[in-house]
Amino acid sequence: MSTSRKWPQLGSLAVQSSRYLCYYRNSTTAIQQITLSNQPSWQRVLFPGQQLLFHGDATAQLIVTTEQGVSHYACADLQVQEKNRPVSPPTGSVTSLCPYCGVGCGLEAVPQGTTFKIRGDRQHPSSQGMVCVKGATILESMERDRLAYPLWRERLDQPFTVISWDEAITRLVQRLKWVRREQGADAICMYGSGQFQTEDYYVAQKLIKGCLGTNNFDANSRLCMSSAVSAYMGSFGADGPPCCYDDLEATDCAFLIGTNTAECHPIVFNRLRNHHKRHRHVKLIVVDPRRTPTAEVADLHLAIHPGTDIDLCHGIGHLLLKWGHFDAEFIEECTHGFADYVKLLEGYPPEWVADRCGIAQSDLEQAARYWGHAQAVLSLWSMGINQSAEGTAKARCLINLHLLTGQIGRPGSGPFSLTGQPNAMGGREAGGLSHLLPGYRHVTNPRHRQEVEDFWGLPRGQISDRPGRTAWQMVEGLERGEIGLFWIAATNPAVSFPHLERAKAAFLKSPFTVYQDAYFPTETAAYAHLILPAAQWSEKTGVMTNSERRVTLARAFRSPPGLARADWEIFAEVGRRLGYGRLFDFADAAAVYAEFAQLTAGRPCDHSGLSHERLARLGALQWPCPAGCSDEEARALKRLYTDWRFATADGRAHFCVEHSHGVAEPTDAVYAFTLTTGRLYGHWHTQTRTGRIAKIQKMHPDPFLEIHPTDAANLHLNDGDWVEVRSRRGVICLPIMITRSIRPGTLFVPMHWGFLFAESAEANQLTHPTACPKSHQPELKACAVQVLPLRLRHLPHTEAQQGQQTGILLKP
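Residues in the sequence shown are numbered consecutively from 55, following our numbering.
Structural data, given as structure tokens:
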């Protein structure tokens, strides 16, 4: 095995011995000569009353010489004390929101002496007191490897130095001004995260899109949910899942496609599964190349070939139409494009579709029967649909089946995208993608831009009319030298981006990278010049919106470590330093949210009737929640499109008429397997939190490759053997897990491991950046690979990890 890594290694994550920003004043009447014990060449002269700010090492002394003698002062005693405002410890339990997936489970922090116990919030409507292992263990990661102070280095081959917030913000603002003046605003990029609270997202949009005048803000939602956004907009005219979690208990047919709900959205699955077990007439259909824990309990599992989702949907549509299972009145009065859809379905007879998908024709027909005979059909999907070069078309072709049968806008029915990140929904509402503005507005719409400019008090034309760079377009911009400042916050693209070798090479070309996170080290920190410490869950107050459009107030109940600050506070301070003080004069997070909510008035995602105070008093509430609504109205369950009027220009839902092109990278004689990636129950994305929790590490200690017994036998492999998995872009090495839970010709690898947690196991070394032309979401779910046997001694994970971390100083 040979891999040529061109990116920084772990040594680049070292931190120099602590250097303090120090203050000294000559309070005598004599002239003083100043020097430092460890830097004899550094000398200053201070006249009476003069002051001095300087950087001093933790162990150094300031030497003051006068005619009367020599005095020594420890630099540590002269340190400028920057302190966060402490969070007052609560006297009782505090309700919050789990900061992992988009289910949005309510949590309750119960004081126990000097610490807290985390349990499910039984009053939260979404989770009803249930909690998965990630939420239950969240506090275990709060004190481990936390980033507490700003760090700086001139070059990536240097160690970091601890600096003050004042110096950090000064360096950042100076660079922003220089880039804007010399290269233009579009040379500035920010890549954010669904881990942001809505307040963080909103202030970032005001800074980047409003004050700086570039739409180059994108977020990891681009890799997660942007195909769902595009699909909802294309079919209904607006973003926003139309369903509620209560529909999980009201449906009699659940159609799950491209989602391993049991592992990735476990509390949603628990609610659905409990309903399924209690009511024998309820049918559960699962579409997935793998026999996941979700598929194991299904009434019907369709293990289709990767990339044939659209063919399957059209095949079911063909049968529903043939058998008369369609809602003629709904189609006539509420939809557009039905005639073209009927013509398209003619080309998808069941025998062809079954062969194309690699399933039995009888199973295809059974799926259509279950759908057609149901009174209420609820479909759920996630990354298996979204992360595709035809992700928008896949989701819209699924929505077609709901339009064909009128299964929308009533209890137990509708197309329901399960959000990946805890606040990806809130990010969409706040404008947190490069083509959006707050309130489900669009940068290409002149009226939308003017509404936001007027609300923010900016001159007309300040907001650019061009969509900004998407996540992968930022990589391409770095490659071409078009980006002068790259600001990454609350995410870890050095693990999560596709074609990772290329992405890392692009990160190396960034002349100035700012990385804002709660933990150190992370893989992305290796590419940063300036690192800013961020407060996280439990340490800052703000709101998040979950998959059913329910907004929860997550309140702070712990103080952040060191000098860590809330993300919105960092963005606001940069805005003030740039000269936009009046636009960032927020007293607290409640004031930020109040401004955002006002901007959503009259929009599809109307928050104008919500506030921190109301959410604290009433609990989690759904939007739309317009100003003036009563508490009873605010608490009411809210489905969208119950009147069958949609947000399109003609008020009708639109059928999608598109054929499938299959996976973007098909297999061939050399790369004979299709690799798919995904999550495991215990871990979350790139392990920035879960990799630091012992219980979860014990559950999932090492990466692996799932392979079918037939394929393993053809390669003369036994369970646990190591293999080299190669694509056209990269190579990884993993032990195999032989299982009949995956179809022949398809492989599975979990995507959680970066170079800090395992050696040569980064799934995205293999994936490609080919993206959906509408959503710009990369096809992370399928790529062509080859498998080569290796004969290697197994190195235990703990030994490997310890070896990797040698010499890393985690705290300044």
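Don't be surprised by glycine CBs; every beta carbon is placed ideally from N, CA and C.
In its chain, beyond the 5 residues on either side, Glu577, Thr740, Gly808 have a beta carbon closer than 6 Å to the beta carbon of valine 549.
Boundaries cannot be given for leucine 472, as no beta strand (DSSP E) includes it and DSSP labels it neither H nor E. A straight line joining the alpha-carbon of arginine 327 with that of glutamine 461 spans about 21 Å. Beta-bridge analysis with DSSP links serine 150 to Leu161. For a cut-off of 8 Å, the C-beta gap from alanine 643 to tryptophan 622 is around 7 Å, short enough to register as a contact. Under the DSSP assignment, tryptophan 377 falls outside any alpha helix (DSSP H); it carries neither an H nor an E label. The alpha-carbon of cysteine 683 is positioned some 17 Å away from that of arginine 603. In this structure, DSSP gives alanine 767 a helical state, which the three-state scheme calls helix.
Between tryptophan 435 and leucine 472 the beta-carbon gap is near 7 Å, inside 8 Å, which marks them as a contact.
With contacts defined by Cβ atoms closer than 7 Å, serine 442 and glutamate 833 form a contacting pair. For serine 433, no alpha helix (DSSP H) encloses it; the enclosing beta strand (DSSP E) starts and ends at 431 to 435. Looking at the DSSP output, arginine 604 bridges to Gln676. Under the three-state reduction of DSSP, histidine 739 is assigned to coil, being neither helix nor strand. Going by DSSP, valine 724 is part of no alpha helix (DSSP H) at all; its letter is neither H nor E. DSSP places lysine 563 outside both helix and strand once states are collapsed to three, so it counts as coil. Residue state for histidine 762 is assigned as coil, using DSSP reduced to three classes. Assignment of alpha helix (DSSP H) within the segment 456 to 509, counting only whole runs of 4 or more residues, yields 478 to 483 in chain order. Our two residues, leucine 675 and glycine 158, have alpha carbons roughly 12 Å apart in a direct line. Restricting attention to beta strand (DSSP E) runs no shorter than 3 residues, the segment 302 to 370 encloses them at 307 to 311, 337 to 341, 354 to 356, ordered along the chain. CA-CA distance, glycine 635 to tyrosine 256, rounds to 16 Å. In the DSSP assignment, aspartate 272 falls within the beta strand (DSSP E) that extends over 271 to 273. Under the three-state reduction of DSSP, lysine 448 is assigned to helix. Nearest Cα to arginine 345 within the set Asn270, Ser125, Ile311, Pro789: Ile311. Remark: C-beta atoms of serine 433 and phenylalanine 309 approach each other more closely than 7 Å.
For cysteine 76, the three-state secondary structure derived from DSSP is strand. Taking C-beta atoms as the reference points, isoleucine 453 and proline 465 fail to come closer than 7 Å. For the pair valine 340 and alanine 349, the CB atoms are nearer than the 7 Å cut-off.
Under the 8 Å Cβ criterion, the segment 265 to 276 does not count as touching the segment 610 to 619, having fewer than three qualifying pairs. Taking the CA atoms as reference points, arginine 334 sits about 39 Å from aspartate 756. The shortest CA-to-CA distance from glycine 426 to any of Ala484, Cys307, Thr149 is the one to Cys307.
Histidine 379 is positioned such that its CB atom lies no closer than 7 Å to that of leucine 399. Residue pairing from DSSP places methionine 598 in a beta bridge opposite Thr606. Separation of leucine 487 and cysteine 659 (C-alpha to C-alpha, rounded to the nearest whole angstrom) is 16 Å.
Contact between isoleucine 790 and isoleucine 761 holds: CB atoms are separated by about 5 Å, below the 8 Å threshold. When DSSP states are grouped into helix, strand and coil, glycine 110 belongs to the strand group. Closest in C-alpha terms to glutamine 177, from the list Thr606, Arg743, Ala626, Thr824, comes Thr606.
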